[in-house]
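Have a look at the structure below, then the notes.
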Amino acid sequence: QVHLVESGGGLVQPGGSLTLSCTVSGTIEKIYFMGWARLAPGKQRELVAGIPSGGSATYIDSVKGRFTITSDNAKNTVFLHMNNLQPEDTAVYFCNALIGSIGDTWGQGIQVTVFS
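Numbered according to this note's numbering, the sequence shown spans residues 708 to 823.
Next up, the structure:
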């Protein structure tokens, strides 16, 4: 069985930094895409950043220049490095992966809270 194991959330003050990590566990064929989405209270879920296998990372405008997504393909792991966090970044962050023969897969979510 395949799982997405997330870690790294928490509490931080505005201007602070956090790094989220997500590892695909289990036997898999190939990962075509990995990314991070977030769900904030009263808002729709949005894909914050993503990186396709062998491709370039993409970001939503509100995090460009502050967030960086990287991957360690040998470890089936993706990281979201978040700098200069702001209260509007407060949300539950979900890891997302498109995995061969399995399809679209989501993690359980991890809370990120930015408070003054």
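Ideal Cβ placement from N, Cα and C applies to all residues, glycine included.
Cβ-Cβ distances below 8 Å link isoleucine 758 to Phe740, Met741, Gly742, Ala764, Thr765, Ile776, Thr777, Ser778, Val785 in the same chain, with the five nearest sequence neighbours on each side left out; the list follows chain order.
For the set Ile735, Val819, Gly717, Leu725, the Cα lying nearest the Cα of threonine 812 is the one of Ile735. Our two residues, glycine 716 and glutamine 751, have alpha carbons roughly 20 Å apart in a direct line. Distance from the CA atom of glutamine 720 to the CA atom of valine 731, rounded to whole angstroms, is 30 Å. With 16 or more other CB atoms across the displayed protein chains lying within 10 angstroms of its CB, phenylalanine 774 is buried.
In the structure shown, glutamate 713 adopts extended strand secondary structure according to DSSP, grouped into three states. Judged by their CB atoms, glycine 816 and cysteine 729 are not nearer to each other than the 7 Å cut-off.
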